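Visitor:
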Amino acid sequence: MDARKLIGWNLRELRVERGLSQERLALEAAIDRSYVGRIERGEENVTISVLEALAAALDVRVGRFFAEVDPARPRPAAMRAGRKPSNT
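Per our numbering: the sequence shown = residues -5 to 82.
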């Protein structure tokens, strides 16, 4: 998996685990919502500054975005737009 896809995968996983929409994460990191989507899809060559802002919003270290992913593991599930995942 290339670095952009790895970062995107880990970003999405962290965001979904915390029950944040792309819009909410973007607001907390002071970046555009569509940019968050492009990062998650591995389409952006993200800067360290943006990674730092995302890490602060998610309360993780920047290095967490580079954690290796088992390629057999399914992609993190998407959340319904603007909603937290159901606990049922």
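For glycine and all other residues, C-beta sits at the position ideal for the given N, C-alpha and C. Since we're looking at a predicted model, the values are computed, not measured.
State the Cα-Cα distance for the pair V63 and V56, rounded to the nearest angstrom.
Guide: Taking the straight line from one Cα to the other gives about 16 Å.
Visitor: Starting from A(-2), follow the alpha helix (DSSP H) in both directions and report where the run begins and ends.
Guide: Per the sequence shown, the amino acid found at residue -2 is Arg instead of Ala. Counting along the chain, the alpha helix (DSSP H) containing R(-2) begins and ends at A(-3) to E11.
Visitor: When DSSP labels each residue in this structure, what does V54 get in the three-state scheme?
Guide: In the structure shown, the three-state DSSP call for V54 is coil.
Visitor: Have a look at A66 and F59 and give me their C-alpha separation to the nearest angstrom.
Guide: 18 Å
Visitor: Using the three-state DSSP reduction, which class does L14 fall into: helix, strand or coil?
Guide: coil
Visitor: G83 and I33 look like a contact to me (Cβ under 8 Å); what is the Cβ gap, rounded to whole Å?
Guide: Residue 83 lies beyond the residue range present for the chain, which begins at -5 and ends at 82; the question has no answer from this structure.
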